[in-house]
Structures are given as structure tokens and as C-alpha cells.
Amino acid sequence: MEFSEHIKTANVDDVVLKQPFHAPMKGTLCVTGHHLLFSDRSGDSSWQLLLLLRNIDAIEKSVENLLGYSSTGSNIRPVGSSGTITIKCKDLCILQLDIPGMEECLNVARSIEALSSLDNVTEMYPYFYRPSWLSLDDQWGLSTLEKHYDQLGALQVKWRLSNANSDFSVCPSYPPAVIVPQSVDDQMLVKAARFRQGGRFPVLSYYHQKNGMVILRSSQPLTGANRKRCKEDELFLQAVMDGSERAYIIDTRSAQQAQQARMTGGGFESKSCYNSWKRLHRHMERGKVLQESLIKLVEACGDQSHSMDRWLSKLENSKWLSHVHSALSTAGLVAECVERDGHSVLVHGSEGTDTTLLVCTLAQLILDPESRTLKGFLSLLEREWVQAGHPFQLRCAHSAYSHTRLRQEAPVFLLLLDCVWQLGRQFPLALELGEPLLLRLAREAYASDFGTFLCNNEQERCVLEVKDRTHCLFQFLLRSSEREHYVNPLYEPTDLAIWPSVQPQSLHLWTGLFLRWSDHTQTMEEVREEIWSIVTQHCGRG
Amino acid sequence: MEHIRTPKVEQVKLLDRFSNKTVTGTLHLTATHLIFVESNSTSAQEIWILHHHIASVEKLPLTTTGCPLVIQCRNFRLVHFVVPRERDCHDVYSSLLRLLRPASYDELYAFSYNPKQNDQQREEGWQLVDLGTEFERMGVPCDQWQLTDANREYKVCDTYPRDLYVPITASKPIIVGSSKFRSKGRFPVLTYFYQEKKSAMCRCSQPLSGFSARCLEDEHMLQAISKANHNSSRFIYVVDTRPKLNALANRAAGKGYENEDNYSNIRFQFVGIENIHIMRASLQKLLEVVGTRSLSATEYLVGIESSGWLRHIKAIVDAAIFLMKAMTVEGASVLVHCSDGWDRTSQVCSLGALLMDPYYRTIKGFMVLIEKDWISFGHKFADRCDQLDGDPKEVSPVFTQFLECVWQLMEQFPQAFQFSEWFLIQIHEHVHSCQFGNFLGNCQRQREDLHLKEKTHSLWAHLLAEQQNYLNPLYDPTLAETQPVLEPSTQPFHFKFWRNMYHQFDRSMHPRQSILKQVLTLRESSRELENTIRSLESKLQTYGVSVSPVAVRVTRRERTLPARPRSLILGAPLSCKEAQQQQLDDEPVVEAEEAREAEEDDGGGLARSCGTRTVEGSSATENGYAELDEAFSSKPKPAVVSLEFGVARMTC
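Going down the list, the sequences are from chains X and A.
Under full-length UniProt numbering, the first residue of the first sequence carries the number 1, and numbering increases by one thereafter.
Under full-length UniProt numbering, the first residue of the second sequence carries the number 1, and numbering increases by one thereafter.
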């Protein structure tokens, strides 16, 4: 296998592993094509660490060429040199390996560097992961848009399923089937798509059963500097209105940014051309700014020597909570338009693959009780993130520690998970999914055994046969054996909308994720167990 | 009553602090409370504000809708009324000004409050907490520590309690001599004894050392404390809780701190907790920040930082951790003081003991701790909480800080405390309410002069009677054995803003569902189901049927759960008056239940909705995602479900 050429030293003995919550351990380190394996057989029970190389965000190595002695059992052998590798993982864990032998150390470091940054998707571990309890014949994915459409009976009167994109020619980042108004035919659709960046024409994201209002999402219109118009796009949105007098466009950029976008061919829906659509701008950060925010936050959380003031100022300086705030309040606004005002909403930013999806997803969690169940939530993620073409491969290529020059990385999905966690904090009974699920997803999005988060869109997944050659994370999480780790013991379904408070006093730092490797998490784990036992006790009696 | 000019004002608007919501109602002024009753609504909201809780009343300039009146309370409630007529507003304003700050103790609510108890019950209430018993529990008196009668008549120190514990080698002349060398006569005495290591926590005030003065008796006293601890390496820590600069400044006034050269075997340490004035300003700043409307996340964090509040809280916890480590790890005795030894010293000693002794983390134990380190050792509650019209410079949130430190520890050790944060908040409420006698006055001597035990009631009895409301469902008593000493982390990220305290009356700020409440409810219903099983079993037995483990199927009985008081913060107990009111309100529930069933039989699906359209009152409007009002105002109001005797109805 080609991996072997990256591996000069496959095994090193007498490596000392230091990691959070554990005393340093001595054992054997082994580098394979996809994993770093550490095993300690000295004790009564053997202990192993299996780390996916893909999970490694950055490594730092330092070697010492001093004469020293290392003892193994009774033998004492002189060692000329040693080295230390610090491994910073994408799940924010930091490990340290003390490796005897400079040569070995450098070899291991080189292998890790090479193997953790393989770009070829089909060489990634999901294509090799073949556990005995999973079969490639198992259903991949929870649902498709066709099935989703079939389930929404009330919707079918005015909305239809279009297969215009079945060969991904209309919009490469959309799934083959999308839901559009009945009165819009495929020809119109194709023309409207040409007027939107990346061909992301408006499609249905959510249908509010209570009043028949909808949330649509798209990318920005390509009005450009000379205010181009597109009749089909206007008619398309007119068709969505369906007789009602007003609808909203929530633009996730500031008005100024939207203006500036015209210089590069983008733009916004002007009032004169879309006169019954009221446009509201809600500025949300994206891309590099978001990634830098994450880097600063993780750095602040990692430094243990802060004074109170320094911590607060670093936390503030990271601006992460401001991003949480703006995501939740924009989602709240969308939900408010739909539920309280009784109007439909179109959400877009520029590309329509990041903040747009974030806002639409959160609005659905606020409004739709179905999406708050474990299965409903995973289906929502599948529909609104995986199928809707959030470029996971680009966005999650690196996390907070990476030294490489950042390109397309942005923790938009992480921000979503954080916002969901905030919802869960404010409505601890309303979500069936618990914090462990969010943590698991946060890890899987960056490095996974499963194929779910591979690639950037459905077209790429098709080409690389992801669905035939890898396993599906969402299906796996719903298995009864896994399920129980991830459900919220206190879940009580409610049909009502859950309106989160967005006051900064109500938003918290997600310690479970960002301070996961501090001792704090263990007490929280105990508390969770205690709650479980109270609930099971109660169910046992009830 | 002669101060009340207008007992009732109608058509008063109450503005929400953080949103544009207003409600209209009637304002009543009684001898003890200001009451606002919402009108024209079936689930009328009532707000009861005790006059003693009012920190300030402010009349703002007249507006087109009326005269605004802003009332700020010590329990962090802030209400903003708009009174239609200026004359009414002025009357209420001037009545309140007179009522909120009584001139003498006998005007305080505690002297008129009557909870329908007879004298015997009242006496029993006062006997609940006994400090003699508490010192016995710690193992004092013992071979090294004795009870001294030097202060029996408050002759040595009038702000100390009568019963004091000192080393056996500290004779009366040493005590008297030492007390003369200490500010306000507050000489070193025992406050907590860590039995396992025989290390002692002692407290006092600053020495009157100036630049060079010394006192042999005081030096003997410290020697005696050090000798009383055999196992230590013969030194004691002297912890001055002030910043060094403050202590130095005090030397110029003939006070100061211990000179290590004059005292053999002491290790002197400053821990740098700021004084009452800085703390008062800090809290004020904090409240200003969090009271800002549409605050951004950045402004919030910058504001919290610049208020310095969490830094002060951390300093207190850090000092307590120092004490805990010195006594439990090194087994060394500790002497703590600040300036007068009744503010920072009380904070640090009580918090240190709380870390070391699991007993203080129980409901009863916590009461004992407050009684010991705060009440009996003369924390000046009357001055610090502004019970009577006093010097505003003496007011300071010292005790509030202590409660907050405890809360910060509860966040780190969610299973170590028998009580939940509502217990702390309730205590805070009553420290300012002057409804019970415990916290009145500045020291024990004054309390005796006021005959509080004969004339007022004890808060502890009241809290114990309703302790069910304050239990922490996650409490694990076995931790007291396995992990008796708490070792908190001092990482700054563990210190958080205590929203449930400082925003306890700001509805829109809180989670809409409470884990605490849910878990408590589950526990209660489990207990109830168990009782049902037991009673059924015993019934069966009386019929001579042998009991075999039958799977008893009980359907979910949400309706029969004991009604927990509704409150702004879920799971939070209401204040006394509001709770009484609540009980009255709850009575028609039986009828309502029937009505509901009847309606359900009719297939009235609507009745099934939980009373409000959104989860427990969370609403889009309150959160103000946008000022969409202009856009919405043209629309008819959305359908609203109102609660009428528990029956939900849709109205348009």
C-alpha cells in the first residue's frame, strides 16, 4: 500500500504518553496508514490508545541530543538522544509523546505530518473502515428529499419535487431533487439558477405546518454593478408569495456588504424588482473571521495561567460568543417572521452554503418539534448540511491548532452545534439529543471513521461512491446500542416553539467542548449519570 | 400608616426592563409592601415589594404617558412604573421615601411579622442553631482549647459573642492585653477546628502596631495558638486578607499588621481582597452593565471585566483555598484578619470552613456556619445592608459576595451540596427583608438589647420548614466520606456570572425549562409511587393476600404531581407573600381539573395545549430578535391562549 512509503519507523518501544486525565504511561507506539496506536501492556490490564491520524491538526516536535539513560525493567541501556512530539488534535485534545531516539522521533513526526494531511478522499479511513457489525449493504443515509417530500402531505398542493438537477448540471452543490413551487417549471428553474451564485436558486428548506408558511434558502442574486434583473427569478419568488401580501428576505450580510458584493458580480434583491419582499440585513461573520475566532477561543481556553481579567478579555477578544449571539438572534428573527408574523422567508448570504444553512437549521429547531428528536435532528443535519452542500471537506480540513495557511476553513458547523447546545441549555427538556451527541458530531465532522462528512456536496459523493464504499454515521448513531448514549434523559416532547433568549447573560461558553480536557468535565459526567439514574429509577416505578 | 398619602393608584403601567412589553395594573401601598396587581388579565400577575427591599426610588422627568417611577431593590429587582398623574406619582414617591428607610429598629417588618406561630414554636425556632453544640461537634473544648468567660459581659469586646474559645494557655490577662492591642478589641479566637490535623482557624482584627508598637500579650496569644497545635512544625500562618498597600496605609493611623520579627514562628501572608468601598462600586458597575438594554456579547464581557466583580470573587475563593490547604495539607493553624475582622475575615473563614467540612454543605450546617462566622462574630448586617437610615458609605455587598462564592463552588461541585442555589437566594432575600430577627443589628450585644428572640421570629425555622424547596436533587451524601475536603480549581473560567441571583426577577433572561425542577419532580413522583405501592401492599395484606412482585402499571400522572410554586425562575421558590398568594390561587385547581376532563371528553383538543403557546412563557417578543414591531403592528394580534382556572382557551 502507498501509505507504507510514508512510514519509516513503524514501531517504537518505551514511548511515554502524556494525556489529560491520565498519569504518564509507557508503552509501544505504532504508526499505521490511518492510525497512531499506543499500547501499554506493562500493567495488569493492557491499555490502548487508537488515534485517527486525520484527527491530528498540528504536531510540534523537539529533539534533544543529550546523553541520558532510560530504564526498561532491570536493563539499563544508554540512549543517545530523545525527542518529544506534541500532538494537537482537531477535537482539541493535546497529547504528548516522549520518544527515545532522535531518529525514531523525527521519523514518527514525519509520518504523522504526511499521513494526517492526505488530500485524496478515497485514501481516507472511511474507505477502509470495515467493522464486523456494519455492512456496506446497510441503508446509507436516513432519508432522501423524495421521501421527505412524500411525508409532507400538506405541502404537496403548492410545492413540487423537481428533478431538474438530477445530473447536477443546474447546481453542482445541490442534491439531485429539490422542492420548488408547483407553478415554477424546470425551464424557469434553470434560468433562475443562472442568476444565483453557484446556481443555488431558491429551494424549500422548511414548511411550517401550522400556517403553511415556508423558509427558503438560496445564494445571492448576481445583480452585479449594473443592476441586472432576471425575470424568472422574480417570478419564482412571486410564485412563493402565493397571494400573500408580504414576505421577508433575510440577508446574512450587512447592507453595506451586500452593496459591496455588487462590485464582484453579486448583489441583493432590490426593492423595485421584488416589491413585496421586505429585505432585512443581519450581519453574520463567516469564513476566515470565524476560523480566527475559534483559534483565539481555543488558545484562551488552553492557557492555564490567566488572571480573571485576562481570561475575560481574551474570551471577549475571541468574539466567539458574539457569533453565537448573532446566529441565534438571526434564526430567532426568521422563526419570528414565520410563526408570529405569518410570512414566508428567504434566507441567503453570499454563497448560501454556510451562514444560510446555519440560520435555516436553527430556525427549524426553534419551530419544529420533529427536528428536536434525535432522529429528526440527524435528518435535519443530513438534509440541511450534507445534502444541501455545506462544503465539509473544505471547512473542516483544519481546526484551531493548525499552522498551515488557512484557505477555506471555517467552523460554521461547530458554531451550529454550539448554538444547538445553547438551545439545550435554555430548554433542557425540549431536545431529545443530549450534549454527548453534539460533542460526537463535533469530532466526526473533522475526523471520522464514517463517510457522512466526506466531500463537499452530493455530486462529489456520487463520483467517489461514498455511499457504496463507506458507512453512514447517522444510521450508526441511531442503532439502539449507540442511541442511549446520545439521548437526553429528561426529554419531554413539546409541540411549542422554543424561543431562545439571546441576551449575553443567557449565552454561555460551551465548556463541554472548549474546556473538555479540563478536569471540570468529569464532574459533569458524574452529574449526567446521576440524572440518568434518577430518571431510570422513576421509569422503573412509573 | 400616617406616611401613606395615596394607598391606591389605578392605571399604572409597568414597563419590562429588557423589552417593550408593558402591563397595566393597580398600585397599592401598604404599611409593609408596595403591591402591583395586573388588571384585565385572568392570570393576573402580582408583584409584592417589601419596603425594606427598596434600595432607591427615583422619579424621572414627566413624559407624555405619565410620570415614570423607577424602583431599585436590594434583591436586584428593578421596576419601572409609569403613573398617569404626576400628583399620584409624587405621593407614592414621597411615601416610599419615608417608608423605605425606617429611623428605628422597632419600625422594621420583623417586629410586626406574624407567621401564626405560638410562643413556644417561636422559641424552638430560635433554639435550632446552637453554637455551643457546634463547637462540641468540632471537638472543642479539648485538651488544647477552652471556653473562656472573659467576654461574658461583653467587657473585653462588645462586637464579639459572649462565648469564645481560646488556647488553654491563654490566660485572662493575655486575652485582655491582646484585645487592647487589636482594633475594636477583637483579639484572636477560635472559629473552626479541623479535628483530623488538630489545626485551628482563628480570627481577629488588625493589630495596633503602627510603625513599631508591640504587645507582649498579643505575641503570647499567637504563641499559644501555635502551641495548641502539637503536630504542626510550630508555626502559624497569619493571613492578612487586605492588599498590602491598604495594610501599609493603616500603619500611619496606628494600626497595621504583624511584624514577623516580633512574633516568633509566624508566617505572614497578604491575600489582597479589596475593601468594602471598592466592592460596593464594583457591584454597582456590574449591575449597570447587565442592566443595559440590548447589550452585545462584547459589551457584556468587557463590562464584566471592567467591573472587576469576578476578580474580587476569585480573590475570596483563592484566600479560602489557601486556608484549606494550610490546615488540611500542612496541618498548620491559621490566624485570619483584615481591618476590623468582620467583613473579609468573615468571608474567608466561613468559606474556608465550608471547603474543609462537609457538614457546612448541608442545609442545617450552612445555617450554623452563617450563625457562627457572620452573625455571632459581628458582621455589621445593619450597616452593610442599610437596614436603618444610615451612612451610605457603610453599605457593601460583603455577604452577597460570600453567597456568590458558595454558588461558584456549587457550580464546580454539583453533588457536594445538600442545598440548591435557591437556598442561597432565599437567604439573600431575607438578609435584606428584615422580616426575621436573625440579621437585624450589627452584633450580638445589640441583638440582645433589642430582645429579638422575644419579639421576632427566626429565619432558620422558616427555611427548615420549607427545606423541601431548597434541596439539591443531585446531592450525594456519600461524598462527605469519600471526598470531605473540596479542592476547587481556581482557573478563571470556573468563575461565572450568577445570572439567577442578579437577574432573578428578569423573566426573559432565564432558561425556560429547568433541569433542577424536573429532577425534583421526578424524585417526588417516584417517592409518591413508592408510597402508593406500599399502601396497596399493606391493603392486600389486610385482605390476606400474599404480596408477590406484581408489575404495577401506573400511567404517567402529571396532573397529580404536587404543584410547585410558579415563579419567574423555574424551580425557584417564591417569596413568602407571593407564595401565600399562590396557595390561594392554586385552590381552584380541583375544579379546573374537572373542567379540563370534561372538555377533553368533548374532544376539545385545544385544552390540551399547555396553557401558553410557547414553552413556559418563552416568547419571541420578549427576546427582541428585531424591532419588527413596525412591520407587525398592522397585523391582527396572533391567537393567544390564556389560562382561566387552569383551562386553556384559544382567543383571538
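Glycine residues also receive a C-beta, built at the ideal position from the N, C-alpha and C atoms.
- Straight through space, the alpha carbons of A/T30 and A/A200 are spaced by roughly 50 Å.
- Exposed is the label assigned to A/D261, since fewer than 16 other Cβ atoms lie within 10 Å of its Cβ.
- Between A/G254 and A/K244, the alpha-carbon positions lie close to 16 Å from each other.
- Identification of chain X residues near A/M221 by a Cβ-Cβ cut-off of 8 Å yields none; the smallest Cβ-Cβ distance measures about 36 Å.
- Taking a Cβ-Cβ cut-off of 7 Å, the neighbours of X/W311 in chain A comprise P492 and F493, given in sequence order.
- Nearest in C-alpha terms to A/Q269, of all of A/F322, A/H451 and A/T65, is A/F322.
- For A/E217 and A/F187, the gap between their C-alpha atoms comes out near 11 Å.
- Neighbourhood of X/E234 in chain A, by CB distance below 9 Å: empty, with the nearest CB roughly 22 Å away.
- Runs of the alpha helix (DSSP H) lying entirely within the segment 251-303 of chain A, each at least 4 residues long, are 276-290 in chain order.
- Distances from the CA of X/I56 to each of X/T511, X/F450, X/W421 and X/T404 were compared; the closest alpha carbon is that of X/T404.
- Taking a C-beta cut-off of 8 Å against chain X, the contacting residues of the segment 312-343 of chain A are K314, listed in chain order.
- The segment 311-318 of chain X makes no contact with the segment 330-344 of chain X; the number of CB pairs closer than 8 Å stays below 3.
- Among the residues of chain X, those whose CB is under 8 Å from the CB of A/T298 are E316, K319 and S322, following chain order.
- With its beta carbon at least 8 Å from every one in chain A, X/P436 lies outside the interface.
- Of all residues in the segment 257-280 of chain A, none comes within less than 9 Å of chain X when Cβ atoms are compared.
- Residues of the segment 262-287 of chain X with a C-beta atom less than 9 Å from some C-beta of chain A are K278, L280 and R282, listed in chain order.
- Contiguous beta strand (DSSP E) elements confined to the segment 199-251 of chain X occur at 203-207, 214-217 and 247-251, taking only those with 3 or more residues.
- X/Y446 counts as buried, since no fewer than 16 other beta carbons sit within 10 angstroms of its beta carbon.
- Around X/Y401, the same chain offers D57, A58 and K88 as residues with beta carbons nearer than 6 Å, after the five sequence neighbours per side are excluded.
- For a cut-off of 8 Å, the C-beta gap from A/S264 to A/L286 is around 44 Å, too long to register as a contact.
- Neighbours of A/Q415 in chain X, taken as residues whose beta carbon is under 8 Å from its own, are T523, E526, V527 and E530 in chain order.
- Against A/H503, the close residues of chain X are Q505, in the order they occur along the chain (beta-carbon pairs closer than 8 Å).
- Boundaries of the alpha helix (DSSP H) around X/L189: D186 to R194.
- Under the 10 Å beta carbon count, A/R152 is surrounded by fewer than 16 other beta carbons and is classified as exposed.
- With a minimum length of 4 residues, the unbroken runs of alpha helix (DSSP H) contained wholly in the segment 154-207 of chain A fall at 172-180.
- About 20 Å separates the beta carbons of A/S514 and A/Q412, which is beyond the 8 Å limit, so they are not a contact pair.
- The continuous stretches of beta strand (DSSP E) do not include X/S81, and DSSP gives it neither H nor E.
- Among the residues facing chain X, A/S526 is included, as its CB has a counterpart in that chain under 8 Å away.
- For the 8 Å CB-CB criterion, A/Y160 and A/L388 do not form a contact.
- Pairing X/M102 with X/H22, the inter-Cα distance amounts to about 25 Å.
- Note on X/R407: under 16 other CB atoms within 10 angstroms of its CB, so exposed under the neighbour-count rule.
- Between the alpha carbons of X/M308 and X/V15 lies a gap of roughly 37 Å.
- Taking A/V176 as the centre and dropping the five residues before and after it, the same chain places the C-beta of A150, V156 and E217 closer than 8 Å to its C-beta, in chain order.
- When rounded, the separation of the alpha-carbon atoms in A/K455 and X/V420 is 54 Å.
- Runs of the alpha helix (DSSP H) lying entirely within the segment 244-289 of chain X and spanning at least 4 residues, in chain order: 255-261.
- Out of X/K61, X/D13 and X/S183, the CA that lies nearest to the CA of X/S42 is found in X/D13.
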